[in-house]
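Visitor: Numbering (full-length UniProt numbering), first residue to last: 1 to 256.
Yeah, the Cβ is synthetic: ideal placement off N, Cα and C, and Gly gets one too.
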Amino acid sequence: MPIELTDFERGAPFPGDPAAALSALQARLARLQLAQIVHRRRSLILFEGWTGSGKKAALKLLAGSFDPSHVQVRSVGGLEEADDDRHWLAPFWSGLPAAGDTTIFYHSWYRRIIEQRVSGRYDDRRWARACDEINEFEAQQRDHGTIVAKLFFHVSADQQIARLRERQADPWERHLLGEEDLVGLGERDQTVEVLHDLFRQTDTRWAPWQVIDGNDEVAGTFAALTAIIAQLEKALPAEPPAEGATVIQFPQQKAS
Numbered sequence: 001m002p003i004e005l006t007d008f009e010r011g012a013p014f015p016g017d018p019a020a021a022l023s024a025l026q027a028r029l030a031r032l033q034l035a036q037i038v039h040r041r042r043s044l045i046l047f048e049g050w051t052g053s054g055k056k057a058a059l060k061l062l063a064g065s066f067d068p069s070h071v072q073v074r075s076v077g078g079l080e081e082a083d084d085d086r087h088w089l090a091p092f093w094s095g096l097p098a099a100g101d102t103t104i105f106y107h108s109w110y111r112r113i114i115e116q117r118v119s120g121r122y123d124d125r126r127w128a129r130a131c132d133e134i135n136e137f138e139a140q141q142r143d144h145g146t147i148v149a150k151l152f153f154h155v156s157a158d159q160q161i162a163r164l165r166e167r168q169a170d171p172w173e174r175h176l177l178g179e180e181d182l183v184g185l186g187e188r189d190q191t192v193e194v195l196h197d198l199f200r201q202t203d204t205r206w207a208p209w210q211v212i213d214g215n216d217e218v219a220g221t222f223a224a225l226t227a228i229i230a231q232l233e234k235a236l237p238a239e240p241p242a243e244g245a246t247v248i249q250f251p252q253q254k255a256s
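(1) With a cut-off of 8 Å on the beta carbons, I'd call Ala-230 and Ile-212 a contact; round off their distance for me.
(2) Taking DSSP as the reference, what is the three-state secondary structure of Leu-236?
(3) Between the Cα of Ile-108 and those of Leu-198, Leu-29, Ile-45, Asp-123, spot the shortest distance and give me the residue it belongs to.
(4) Residue 259 lies in the alpha helix (DSSP H); which residues open and close that run?
(5) From Gln-141 to Ile-134, what does the alpha carbon distance come to, in whole angstroms?
(6) Could you have a look at Lys-254 and say whether DSSP puts it in helix, strand or coil?
(7) Which complete beta strand (DSSP E) runs does the region 209-233 hold, if anything under 3 residues is left out?
(8) Just the C-alpha distance for Pro-171 and Glu-217, rounded to the nearest angstrom, thanks.
(9) How is the alpha helix (DSSP H) around Leu-61 delimited, first residue to last?
(10) For a test of the three-state rule: what should DSSP assign to Ile-113, helix, strand or coil?
(11) So His-196 is in the alpha helix (DSSP H); what residue range does that whole segment cover?
(12) With DSSP as the reference, label Ala-98 as helix, strand or coil.
(13) I need the straight-line Cα distance from Leu-25 to Thr-102, nearest angstrom please.
(14) Under a three-way DSSP split, which group does Thr-51 fall into?
(15) Would you decide whether Thr-246 is buried or exposed? Buried here means 16 or more other CB atoms lie within 10 Å of its CB.
(16) Find out if the Cβ-Cβ distance for the pair Arg-165, Arg-174 is shorter than 8 Å.
(17) Suppose the cutoff is 8 Å on Cβ atoms and the five residues either side in sequence are ignored; what does the same chain contact list for Pro-2 look like?
(18) Going by DSSP, what residues sit across from Val-71 in a beta bridge?
(19) Can you tell me which of Gly-186, Leu-79, Val-194, Arg-74 puts its alpha carbon nearest to the alpha carbon of Gly-95?
(20) Might you give, ordered along the chain, the residues of its own chain that have their beta carbon closer than 7 Å to the beta carbon of Gly-145, omitting 5 neighbours on each side?
(21) Which residues in the same chain have their Cβ closer than 7 Å to the Cβ of Val-38, if we skip the five residues on either side of it in sequence?
(22) Give me the residue from Pro-91, Gly-78, Thr-202 with the minimum Cα distance to Glu-115.
(23) With the cut-off set at 8 Å, would you say Gln-210 and Ala-227 are in Cβ contact?
(24) Run through the DSSP bridge pairs and tell me what Leu-44 is partnered with.
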């Protein structure tokens, strides 16, 4: 069924003990990463969504669950940071994970084409081509054995404005707000239309979208980590590989 963002604005508060629940999810993520490393599988995790939708809170807990020597986080800027000298997907190839590793994209290739479409720089033909190129790119990663998890963090317009006002009132957080955040508020309705079309074209069976209701930040973080765990558990073997040449054999100790 088509993704409709208004279906993800309930914002029901998280029931139970958030600290205990999130800690348990982090333990599961750490165990899954160990399986990923041992089985030499790659994973790509994409965090997309509105400013103020809870992406950073979920990212901190996700990254904090993993062995940092096997994970990298790449933050993708907007159009002002685009590399126009190469194919627009070329910069992302260098960030793809090696065997056993995870790359988390905080924003991704989707940010570039969404901004291009909203700004009117992509006509229908170029937009459709960009979506096709993404589908092919993600299919190549899955064919190479890479786990691809795509999360979009949604938040209602009222909740987004309330959170941005909280940041503006904080003497430290206000320095992290940029012009693009204000521009995004003014273009929200147009962006929603673009997003719905994006989901229709790029919600594929090999790389489906998971929309996270971020109106309650704790519940949204729990939903995000749970969605990632579900994809990892589905893709990774539940048992360690058979003992072979990669398992070090300790020498037998002589009896004293």
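Guide: On the basis of the coordinates in this document:
(1) Ala-230 to Ile-212, Cβ: 13 Å. No contact.
(2) coil
(3) Before going further, note that residue 108 is Ser rather than Ile in the sequence given. Residue Ile-45 is the option with its Cα nearest to Ser-108.
(4) Residue 259 lies beyond the range of the chain shown here (1 to 256); nothing can be said about it.
(5) 11 Å
(6) coil
(7) If you keep only unbroken beta strand (DSSP E) runs of at least 3 residues inside the region 209-233, you get 209-213.
(8) 22 Å
(9) Per DSSP, Leu-61 is one residue of the alpha helix (DSSP H) stretching across 55-65.
(10) DSSP places Ile-113 in helix when its eight states are reduced to three.
(11) First-last of the alpha helix (DSSP H) with His-196: 188-202.
(12) Under the three-state reduction of DSSP, Ala-98 is assigned to coil, being neither helix nor strand.
(13) 17 Å
(14) In the structure shown, Thr-51 sits in coil (DSSP, three-state: anything other than H, G, I, E or B).
(15) exposed
(16) no
(17) His-196, Phe-199, Arg-200
(18) Thr-102
(19) If we check each option's Cα against that of Gly-95, Arg-74 comes out closest.
(20) Arg-41, Arg-42
(21) Pro-240, Pro-241
(22) Nearest of Pro-91, Gly-78, Thr-202 to Glu-115, Cα basis: Gly-78.
(23) yes
(24) Thr-103, Val-148
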